[in-house]
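S.K.: Quick mapping for you: the protein sequence lines, in order, are chains A and B.
According to this note's numbering, the stretch in the first sequence is residues 23 to 347, in order.
According to this note's numbering, the stretch in the second sequence is residues 4 to 511, in order.
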Amino acid sequence: MSRMSLAKIGIAAGLTAAAATTAIAQDFPNEPVTLTVPFSPGGSNDIVARQLGLQLSEQWGQPVVVENRPGGGATIGSAYLAQQDPDGYNIMIASVTFTMNAAVRDDLPFDPRADFTPIALIGQVPLVIGAKPDIEATEPEAFFDYIRSNDDLSYGATGVGSIQHFAGELLNQAVGSNVQVVQYPGGGPAMTDVMGGFIEYSIGSMTQMLPQVEAGNITPIAITSLERSDAMPDTPTLAESGLDDFEVIQWWAILGPAGMEQARVDELNAAINEVLETDQFAEFLANDGGTPRPMSAQETADFMAMNFDRWVEVAEQAGMKDQAE
Amino acid sequence: MDVWANIATGFDVAFSAQNLMYCFLGVFLGTFFGALPGIGSLAAVSMLLPITFYLDPTTALVMLGGVYYGAEYGGSTSSILLNLPGTPSNAVTCLDGYPMTQQGRSGVALFATTIASFFGGTFGILMLYSLAPLIVQWALEFGPAEYFAIMVFGLVAAATVTQDAPAKGLAMVVAGMLLGTIGADLNTGIARFTFGYFELHEGISFIALAMGLFGVSEVILSIGQKIDKPFIQAVTFRSMIPRRDEVRRSGMPMLRGAGLGAFFGALPGTGPSIATFIGYAIEKRLSKHPEEFGKGAIEGIMSPESANNAAVQSAFIPTMTLGIPGSATMAVMMGALLIHGIQPGPQLMERNPDIFWGLAASFWIGNVMLLVLNIPLIGVWVRLLKIPYGILYPAVLCFICIGVYTVRTSAFDVVLVLAFGFAGYVLRLLRFELAPLLIGFILGPMVEENFKRAMLIYRGDFTEMLTRPISGTLLAMTALLLVWTTWVILRDSRRNRRKEHLTGGADD
């Protein structure tokens with residue numbers, strides 16, 4: 023797989039590279055950059071990484087090789103990256119779950135905070151509370167009442183410490199409800215059981231929910247970002263529905279191994295932000311209801327640190343780790 | 004009629020020169036990769052995915068789809084000729100396909116499975132055309148309780164795949180279920196039996212298990228054995244024609260296989276392998292001469308081959324109409340659409356009718372191509388047997404390793420496939436059947452997951468499972484089957500013991 027992407031990008035980039043090297047002898051990057059995706063091909067991390075990689079390789083005139091290293095709930099790819107040279111030629115895509123995993127897993131073979139250098143944030147996409155089609159409480163406030171006053175309800179999530187699980191428990195905490203989590207191997211199967219009416223709702227990716235919402239298979243209650251999304255302009259946010267500051271978003275960032283030189287980090291940050299500002303990239307994310315969110319390297323580091331702290335807190339309050347016992 | 008207009012549009016799209024070309028390329032590569040033991044559709048589709056970024060989405064799916072169902076066609080070839088399943092869902096085909104080869108009837112077997120594949124594929128496509136929206140609605144009726152019930156039924160049915168020793172079969176099913184528990188538990192996140200290996204966090208790779216047990220073990224078995232190949236015959240068209248009674252015996256198994264395949268394919272999360280195992284078990288139950296199974300019974304290849312081809316076609320139903328991929332391979336293919344900004348789902352048929360109907364049409368064209376491609380190739384495949392095993396088998400080992408590695412880009416899985424190869428070798432020496440182990444491995448975790456899910460949703464009330472119409476019916480059927488099987492086990496073991504007394508030790 024990676025061989026083939028190398029060949030393919032190589033052909034495309036080879037032409038531009040030939041022209042570019044004669045013009046400016048740039049010192050970085052002067053060889054292919056490897057962008058590790060700790061998941062299998064075809065998922066959201068992979069798709070975002072490939073688009074970013076494509077545009078970066080155009081910008082640099084150097085191939086960006088997307089390498090999938092799935093397994094171990096993203097630990098294999100992450101552990102691999104942590105051990106690479108911190109020279110800027112080895113970078114990785116990480117999402118919000120990278121900071122969530124740290125809050126629920128004791129067995130990570132790396133230190134998610136200390137072993138990585140945050141380089142840049144890519145973008146974000148809100149989640150949608152998608153409820154079963156025949157639910158009566160379709161307005162957020164009525165919905166909160168409904169889940170507060172019934173104690174035999176269940177919601178679907180995609181594993182302990184998944185973004186769906188965190189969003190669900192955060193909602194329980196904010197509303198004061200006690201909806202039971204039921205875990206599924208993926209967002210698709212969880213959504214199917216919502217559509218079939220077996221569980222009340224799941225808080226899932228907008229990409230997956232949108233077509234079902236349009237078909238009337240799922241009732242959208244609210245979205246989890248602070249602002250409404252252009253992809254679902256009629257769906258209110260939780261924040262405007264009485265749950266102040268409620269925000270759970272899926273985001274993606276680019277990380278390097280620990281110990282990178284600041285100058286190299288800034289160079290990469292600038293290159294990535296240049297991609298984020300193109301219409302092409304904005305349109306790409308908008309397809310799934312997402313938006314680019316350029317940040318400096320320092321802001322990215324602060325943002326991730328805030329996430330790490332926040333999820334530890336939520337996990338403790340919800341007793342997410344205790345469910346293991 | 005609207006449907007006819009849609010079908011006409013579909014064939015219009017599918018008959019464009021570009022789509023025809025990529026369809027042919029897809030089915031050709033698929034049948035080729037499928038025939039190579041170890042490289043199945045998932046590996047082939049993952050390898051080819053990056054190429055499709057440069058194609059338009061319909062063409063990309065036409066090609067990847069061709070690879071997917073082409074692999075099921077080709078997969079039976081090495082099952083029949085070499086006792087090495089080309090893809091995991093062809094594993095059952097070994098049971099009766101290889102004995103046919105040993106009897107010098109490989110031409111018949113290959114011809115018959117090609118017909119069964121075509122029939123199953125066409126059946127699956129007809130389902131896709133006519134019933135897609137209905138089937139989807141119906142699939143939504145399946146919640147955790149229903150999945151639990153059907154998986155339990157499958158498990159009990161699978162335990163009866165074995166030939167002579169049902170107790171040994173049961174033991175293998177249980178062993179498979181135990182292997183299936185390895186990995187992070189979904190409900191707690193706790194890693195079970197991973198011994199600190201992160202590579203085991205998501206469980207044992209099904210491909211590594213299947214290819215190790217069936218493929219590598221076969222290679223090991225051949226070491227040091229002088230293999231004379233009396234069964235290699237010149238393949239003329241005449242020699243491929245099944246006997247008249249075989250033709251008669253093939254019809255119903257093919258139809259039942261296609262039905263089962265279409266059913267399991269359309270149910271997200273299940274898939275072709277389950278359909279083939281259950282199909283085989285059912286044929287053995289229904290047959291008037293179950294003793295012929297495992298010794299070259301034609302029903303034993305017709306049903307699974309028809310089932311897996313129907314399943315790969317109907318697997319497109321949940322993917323295209325719900326946006327929910329039923330298998331890992333389908334997930335990769337959905338990724339191919341997503342990259343082009345097309346979200347498969349309930350709106351796809353309306354919004355991109357050219358894609359939906361074009362694909363469906365191209366699938367059928369692809370099936371015809373496969374039929375035309377495969378029948379003349381039978382002679383070529385059979386000649387493969389003439390390659391000295393000293394050359395063929397090391398090559399096979401390479402293919403298996405490549406295939407296993409590609410699926411998860413994991414060197415650990417390559418070690419695993421070899422380990423399972425040795426385990427399979429020992430088990431085969433001890434005359435344990437391996438097919439029930441595989442089915443236990445697939446179904447066990449699904450039983451557990453869905454049981455836990457149902458218990459969580461119904462707050463531990465087991466009666467809910469018995470009173471829901473679909474799950475209640477299935478569980479009742481399972482209970483009946485279990486009682487009957489137990490009775491058969493007892494009866495046979497008593498009979499065997501008596502036989503042993505007479506012959507002084509039963510062999511085989």
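Beta carbons: idealized from backbone N, C-alpha and C, even for Gly.
Under 9 Å, Cβ to Cβ, is there at least one residue of chain B near Q234/A?
M.R.: Yes, Q234/A counts as interfacial toward chain B.
S.K.: With 9 Å as the threshold, decide whether the Cβ of P91/B is near any Cβ in chain A.
M.R.: No - not a single Cβ of chain A is within 9 Å of the one on P91/B.
S.K.: Sort out for me which residues DSSP pairs P140/A with in a bridge.
M.R.: For P140/A, which the question treats as bridged, DSSP gives the partners L277/A.
S.K.: State yes or no: is the beta carbon of A331/B nearer than 9 Å to at least one beta carbon in chain A?
M.R.: A331/B counts as touching chain A.
S.K.: How many Å lie between A116/A and I405/B at the Cα?
M.R.: About 28 Å.
S.K.: Based on Cα-Cα distance, which residue from A164/A, M114/A and M217/A lies nearest to F145/B?
M.R.: When each option's Cα is compared against that of F145/B, the closest is M217/A.
S.K.: Against chain A, with Cβ distances strictly below 9 Å, would E452/B count as a contact?
M.R.: Yes, its Cβ sits closer than 9 Å to a Cβ of chain A.
S.K.: Using a Cβ-Cβ distance cut-off of 9 Å, determine whether A334/B contacts chain A.
M.R.: Cβ-Cβ to chain A under 9 Å: yes for A334/B.
S.K.: In terms of residue numbering, what span does the alpha helix (DSSP H) encompassing P242/A cover?
M.R.: Note, P242/A: premise wrong, no alpha helix (DSSP H); beta strand (DSSP E) at T241 to I245.
S.K.: CA-CA distance, M214/B and G99/A?
M.R.: In a straight line, the C-alpha of M214/B is about 25 Å away from that of G99/A.
S.K.: Just to confirm, is the Cβ distance from D252/A to A261/A under 9 Å?
M.R.: No, these two residues do not count as a Cβ contact at 9 Å.
S.K.: Using C-beta distances below 8 Å, list every residue in its chain close to A47/A, excluding the 5 sequence neighbours before and after it, in chain order.
M.R.: Low confidence applies here, because A47/A scores a pLDDT of 48, under 50, leaving its location unreliable; read the following figure in that light. Same-chain partners within the cutoff: there are none.
S.K.: Is L212/B buried or exposed, if buried means 16 or more other CB atoms sit within 10 Å of its CB?
M.R.: Counting Cβ neighbours within 10 Å, L212/B comes out buried, since at least 16 surround it.
S.K.: Which residues of the region 58-70 of chain A have a Cβ closer than 8 Å to any Cβ of chain B? Give them in chain order.
M.R.: Per Cβ criterion, the list reads S62, P63, G64, G65, D68 and I69.
S.K.: Thinking A363/B and G13/B are a contact (beta carbons under 8 Å), I'd like their distance in whole angstroms, please.
M.R.: Their Cβ separation, rounded to whole angstroms, is 6 Å, which keeps A363/B and G13/B in contact under 8 Å.
S.K.: One question on the structure: do S44/B and T90/B come within less than 9 Å of each other, judged by their Cβ atoms?
M.R.: A contact, by the Cβ cut-off of 9 Å.
S.K.: Can you pull the chain B neighbours of G181/A, defined as C-beta to C-beta under 7 Å?
M.R.: Near G181/A (Cβ distances below 7 Å), the residues of chain B are L189 and G192.
S.K.: Distance, Cα to Cα, L290/A vs M228/A?
M.R.: Straight-line Cα distance between these residues: approximately 29 Å.
S.K.: So, do the region 273-293 of chain A and the region 104-123 of chain A have three or more beta carbon pairs nearer to each other than 8 Å?
M.R.: A contact exists between the region 273-293 of chain A and the region 104-123 of chain A.
S.K.: Hey, S199/A and L193/A: beta-carbon distance below 9 Å or not?
M.R.: The answer is yes: Cβ separation under 9 Å.
S.K.: Going by beta carbon distance, what residues of the same chain come within less than 6 Å of M180/B, once the five residues before and after it are set aside?
M.R.: If we look at M180/B and ignore the five residues flanking it on each side, its Cβ neighbours are G443 and G447.
S.K.: Can you tell me the Cα-Cα spacing of S81/B and T279/B, whole angstroms?
M.R.: S81/B and T279/B: Cα-Cα distance of roughly 16 Å.
S.K.: Would you mind telling me which residues of chain B sit closer than 9 Å to Q230/A, beta carbon to beta carbon, in chain order?
M.R.: G326, I327, Q346 and G348, listed in chain order.
S.K.: Quick check: what's the CA-CA separation for R431/B versus R108/B?
M.R.: In a straight line, the C-alpha of R431/B is about 24 Å away from that of R108/B.
S.K.: Run through DSSP, which three-state label would P314/A get?
M.R.: P314/A falls in the strand class under three-state DSSP.
S.K.: How would you list, in chain order, the residues of chain A whose beta-carbon sits under 9 Å from the beta-carbon of E202/B?
M.R.: Ordered by position in chain A, the residues that pass the 9 Å Cβ test against E202/B are G93, G94 and I98.
S.K.: Would you list, in sequence order, the uninterrupted beta strand (DSSP E) runs of no fewer than 3 residues that lie entirely inside the region 434-472 of chain B?
M.R.: Listed in chain order, nothing qualifies, since the region 434-472 of chain B has no complete beta strand (DSSP E) run of 3 or more residues.
S.K.: Between V126/A and the rest of its own chain, which residues show a CB-CB distance below 7 Å, the 5 nearest in sequence each way excluded?
M.R.: Answer for V126/A: V182, G183, A337, M342 and K343, listed in chain order.
S.K.: For chain B, check one thing: does any of its Cβ atoms lie closer than 9 Å to the Cβ of G210/A?
M.R.: Interface residue, yes.
S.K.: Would you identify the three-state DSSP class for R195/B, choosing helix, strand or coil?
M.R.: It is a strand residue.
S.K.: Quick one: list the residues of chain A neighbouring L58/B, beta-carbon separation under 8 Å, in chain order.
M.R.: What L58/B touches in chain A: nothing, since even the nearest Cβ is about 12 Å away.
S.K.: What are the boundary residues of the alpha helix (DSSP H) that includes L32/B?
M.R.: A20 to A38 is the span of the alpha helix (DSSP H), which, as asked, contains L32/B.
S.K.: Tell me the rounded alpha-carbon separation between E305/A and E299/A.
M.R.: Answer to the nearest angstrom: the Cα atoms are 11 Å apart.
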